[in-house]
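Quick note, the sequences are listed as chains A and B, same order.
Position 84, counted from 1, in the first sequence is what numbering that gives the first Met the number 0 calls 83; the numbers after and before it change by one each time, with no gaps.
Position 140, counted from 1, in the second sequence is what numbering that gives the first Met the number 0 calls 139; the numbers after and before it change by one each time, with no gaps.
Working notes for the structure below.
Number of protein chains: 2
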Amino acid sequence: MPKLKRISESTISRLSRYYRALVQLDKDNYETVSSKDLANLEHLTPAQVRKDLSFFGSFGTRGLGYPVRELKDKIARILGVDQEWNVALVGIGNIGSALVSYKEFARQGFKIKLLFDNDQRKIGSNHKGIVIRDVANLTRELKDNHIEIVVIAVPPQQAQAVCDDIVKADVKAILNFAPINLKVPKGVSLRNENMAMELEHLSFCLVNDHYCEQG
Amino acid sequence: MPKLKRISESTISRLSRYYRALVQLDKDNYETVSSKDLANLEHLTPAQVRKDLSFFGSFGTRGLGYPVRELKDKIARILGVDQEWNVALVGIGNIGSALVSYKEFARQGFKIKLLFDNDQRKIGSNHKGIVIRDVANLTRELKDNHIEIVVIAVPPQQAQAVCDDIVKADVKAILNFAPINLKVPKGVSLRNENMAMELEHLSFCLVNDHYCEQG
Chain A
0 MPKLKRISES
10 TISRLSRYYR
20 ALVQLDKDNY
30 ETVSSKDLAN
40 LEHLTPAQVR
50 KDLSFFGSFG
60 TRGLGYPVRE
70 LKDKIARILG
80 VDQEWNVALV
90 GIGNIGSALV
100 SYKEFARQGF
110 KIKLLFDNDQ
120 RKIGSNHKGI
130 VIRDVANLTR
140 ELKDNHIEIV
150 VIAVPPQQAQ
160 AVCDDIVKAD
170 VKAILNFAPI
180 NLKVPKGVSL
190 RNENMAMELE
200 HLSFCLVNDH
210 YCEQG
Chain B
0 MPKLKRISES
10 TISRLSRYYR
20 ALVQLDKDNY
30 ETVSSKDLAN
40 LEHLTPAQVR
50 KDLSFFGSFG
60 TRGLGYPVRE
70 LKDKIARILG
80 VDQEWNVALV
90 GIGNIGSALV
100 SYKEFARQGF
110 KIKLLFDNDQ
120 RKIGSNHKGI
130 VIRDVANLTR
140 ELKDNHIEIV
150 VIAVPPQQAQ
160 AVCDDIVKAD
170 VKAILNFAPI
180 NLKVPKGVSL
190 RNENMAMELE
200 HLSFCLVNDH
210 YCEQG
């Protein structure tokens with residue numbers, strides 16, 4: 000498969016949505032799906048769906064549509080969810096603790112292998128089957144355990160220091176829940192999850208009588 | 000202010016990010032900011048920043064930039080975060096419970112007023128100062144308490160029924176954490192928070208040697 004260097008953030012998000020829709024269609028025993036039906040499911044236009052999928056070398060057959068399972072498997076490969084990823088989570092507070100129980104992660108192949116905290120009362124204890132480690136050893140433990148993705152769920156004041164330790168371990172993918180802009184060197188992918196921003200999106204819609212599509 | 004009907008999802012997200020950057024700049028006592036500095040902070044191009052802000056009637060002064068506080072207040076009005084919103088949360092499991100403690104919500108004016116669950120052991124109990132109500136009375140209680148935004152944090156199998164009850168209460172804004180596509184009538188704004196999708200974004204980047212900017 001050619002490496003896809005130039006692809007927009009929103010295209011990647013749409014691929015995730017197609018993937019979810021296709022998993023469901025496959026479960027429901029659909030063999031094919033038209034661009035129109037896939038567009039309806041995801042509140043997009045059929046033209047957008049066709050454009051996205053042709054970009055990835057998938058072409059529907061006129062009158063038949065796309066083969067569900069084949070397209071699902073192809074997008075899984077593109078998204079990297081046809082394999083398992085070693086994930087570590089730093090900060091076992093309210094959010095962190097909820098994430099450990101979040102079944103969608105494991106279902107998509109994201110296996111939380113290591114947990115870290117700086118609270119001496121938590122370190123060494125067992126949290127849903129995983130021992131909480133001391134964040135002081137973060138860099139070394141991430142390296143030793145071949146962690147590929149790290150989730151940051153610490154308070155904002157501690158997030159940059161934690162992020163720096165993760166970068167030192169040569170981890171190339173970070174998901175940040177702390178409400179702060181982190182600095183990472185080029186080559187490290189950083190995504191921010193800010194749940195307040197989603198609410199702002201909704202208040203924007205309320206204030207402006209603007210109808211927000213699913214996103 | 001003119002009503003903004005035609006504005007893309009990604010523009011609204013960028014406004015949220017400008018707003019965050021401006022709040023921080025104001026706290027740090029900056030009086031002005033250039034489009035270049037604002038772009039750097041948010042990993043965007045200066046042209047994008049100027050385009051977005053001119054769309055909202057804000058023009059920087061050449062050599063001086065944008066007035067920080069004025070621009071911050073203006074974007075707060077556009078996003079609707081200069082006012083308080085009455086929020087209800089349905090589903091006090093792991094995620095729901097973490098959201099009640101999520102300080103960013105209250106900080107942006109999103110006040111969680113009501114909590115709902117269907118677990119008889121939880122109903123009537125006090126959760127961080129708020130009594131958990133019976134989801135069986137959802138529609139009536141949302142109406143009686145003038146709730147404007149509802150957050151769904153129930154298991155996927157229950158999410159559509161809960162969503163239907165919310166819509167019946169004439170609530171126009173829903174934030175959904177259940178990993179399922181909900182159906183809402185036109186005029187109801189729905190946003191989905193799917194944390195696994197953010198991880199998929201990162202695995203995409205790892206698989207394709209693609210460097211993901213902050214987003």
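Backbone N, C-alpha and C fix where the C-beta goes; we use that ideal spot for every residue, glycine too.
{"Asked": "Determine the chain B residues that contact A:Y29 at a beta-carbon separation under 8 angstroms, and present them in chain order.", "Found": "The contacting residues do not exist; A:Y29 stays about 15 angstroms from chain B at best."}
{"Asked": "As an exercise, report each continuous alpha helix (DSSP H) stretch of at least 4 residues that is fully enclosed by the region 97-169 of chain A, in chain order.", "Found": "102-106, 137-143, 155-167"}
{"Asked": "Over what stretch of residues does the alpha helix (DSSP H) that includes A:N39 continue unbroken?", "Found": "34-41"}
{"Asked": "Going along chain B, which residues have a C-beta under 7 angstroms from A:I11?", "Found": "H200, F203"}
{"Asked": "If you compare alpha carbons, which of B:F104, B:L63, B:K171, B:R13 is closest to B:Q82?", "Found": "B:F104"}
{"Asked": "Can you tell me where the beta strand (DSSP E) holding A:R61 begins and where it ends?", "Found": "Taken as a continuous stretch (DSSP letters only), A:R61 belongs to no beta strand (DSSP E), as it is neither H nor E."}
{"Asked": "When DSSP labels each residue in this structure, what does A:T31 get in the three-state scheme?", "Found": "strand"}
{"Asked": "Can you pull the chain B residues whose beta carbon is under 7 angstroms from the beta carbon of A:V206, in chain order?", "Found": "G79"}
{"Asked": "Quick one: what's got a C-beta closer than 8 angstroms to A:P66's C-beta in the same chain, skipping five residues either side?", "Found": "E30, T31"}
{"Asked": "Could you round the C-beta distance between A:V149 and A:V170 to whole angstroms and report it? I think they count as a contact, below 8 angstroms.", "Found": "5 angstroms"}
{"Asked": "What's the gap between the Cα of B:I151 and the Cα of B:N39?", "Found": "35 angstroms"}
{"Asked": "I think B:L113 touches B:V99, with their Cβ atoms under 8 angstroms apart; what is that distance to the nearest whole Å?", "Found": "Incorrect: roughly 11 angstroms between the Cβ atoms, too far for contact."}
{"Asked": "For A:L40, return the contacting residues in chain B, with the cut-off set at a CB-CB distance below 7 angstroms.", "Found": "N180"}
{"Asked": "Beta carbons nearer than 9 angstroms to chain B: which residues of the region 97-123 of chain A have them?", "Found": "A97, L98, V99, S100, Y101, K102, E103, F104, R106, Q107, G108, F109"}
{"Asked": "If we define contact as Cβ-Cβ less than 8 angstroms, is B:S15 a contact residue for chain A?", "Found": "yes"}
{"Asked": "Anyone know if the C-beta pair for A:Q107 and B:A168 falls short of 8 angstroms?", "Found": "no"}
{"Asked": "Which residue wins for smallest C-alpha separation from B:V48, given the options B:I165, B:S15, B:F109?", "Found": "B:S15"}
{"Asked": "Along the chain, where does the alpha helix (DSSP H) that runs through A:I173 open and close?", "Found": "Segment 172-175 is the beta strand (DSSP E) holding A:I173; no alpha helix (DSSP H) there."}
{"Asked": "Using a Cβ-Cβ distance under 8 angstroms, would A:E140 count as near chain B?", "Found": "no"}
{"Asked": "On a CA-only basis, which of B:N207, B:I173, B:A177 is nearest A:C204? Give me that one, please.", "Found": "B:I173"}
{"Asked": "Would you verify that the beta carbon of A:N93 is, or is not, closer than 8 angstroms to some beta carbon of chain B?", "Found": "yes"}
{"Asked": "Do you know how far the Cα of B:N117 is from the Cα of B:T138?", "Found": "14 angstroms"}
{"Asked": "Taking a cut of 9 angstroms between CB atoms, which residues from the region 144-157 of chain A lie near chain B?", "Found": "E147, I148, V150"}
{"Asked": "For A:A172, return the contacting residues in chain B, with the cut-off set at a CB-CB distance below 7 angstroms.", "Found": "L201, C204, L205"}
{"Asked": "Please classify A:V80: does DSSP put it in a helix, a strand, or coil?", "Found": "coil"}
{"Asked": "Count the other CB atoms, across all protein chains shown, that sit within 10 Å of the CB of B:A222; report buried if there are 16 or more and exposed otherwise.", "Found": "This structure cannot settle anything about residue 222 of chain B, because the visible part of chain B is limited to 0 through 214."}
{"Asked": "Given this structure, state the Cα-to-Cα distance separating B:E140 from A:H200, to the nearest angstrom.", "Found": "24 angstroms"}
{"Asked": "Assuming contact is defined by CB atoms lying nearer than 8 angstroms, are B:L21 and B:L70 in contact in what I supplied?", "Found": "yes"}
{"Asked": "Would you call the CB atoms of B:L189 and B:L198 closer than 8 angstroms?", "Found": "no"}
{"Asked": "Using a C-beta cutoff of 8 angstroms, does A:E197 count as contacting chain B?", "Found": "yes"}
{"Asked": "Considering just the uninterrupted stretch of the alpha helix (DSSP H) at B:S9, what are its terminal residues?", "Found": "8-26"}
{"Asked": "Per DSSP, which one or two residues make a beta bridge with A:V86?", "Found": "A:I111, A:I148"}
{"Asked": "Identify, in the order they occur along the chain, each residue of the same chain with its Cβ nearer than 6 angstroms to the Cβ of A:N191, setting aside the five sequence neighbours on each side.", "Found": "N175"}
{"Asked": "Using only the alpha-carbon positions, how far apart do B:A160 and B:P154 sit?", "Found": "11 angstroms"}
{"Asked": "Indicate whether at least one CB of chain A lies closer than 8 angstroms to the CB of B:E192.", "Found": "yes"}
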